[in-house]
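First up is the structure itself, then whatever we jot down about it.
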Amino acid sequence: MFGIPSPSPSLLLLFLLLTSRILATQLRPFLTTQIHTNSPSISIQPEPPR
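With full-length UniProt numbering, letter number 8 in the sequence shown gets 8, and the count goes up by one each step, no holes.
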């Protein structure tokens with residue numbers, strides 16, 4: 001198509017799966033930190049002793 005030999009559909013699917021897996025692992029911590037920062041900071045800052 002573009003002058004280069006196109007990979008087989010199975011290879012392309014495998015590559016897509018790999019990239020999505022990597023993206024998911026990269027995005028999950030970011031999303032959890034976002035949720036933690038948006039929620040009241042109970043786990044981040046302990047309550048000062050009275």
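Here a beta-carbon is modelled for each residue, glycine too, at the ideal position from N, C-alpha and C.
Would you report the Cα separation of residue i and residue j, rounded to the nearest angstrom?
i, j, result
"Pro29", "Leu23", "11 Å"
"Thr19", "Leu13", "10 Å"
"Leu16", "Leu31", "21 Å"
"Arg21", "Ser6", "23 Å"
"Gln33", "Ser8", "Per the sequence shown, the amino acid found at residue 33 is Thr instead of Gln. Their Cα atoms are separated by approximately 38 Å."
"Thr25", "Leu11", "21 Å"
Going by beta carbon distance, what residues of the same chain come within less than 6 Å of residue i, once the five residues before and after it are set aside?
i, result
"Leu27", "none"
May I ask you to report which of helix, strand or coil DSSP gives residue i?
i, result
"Ser10", "helix"
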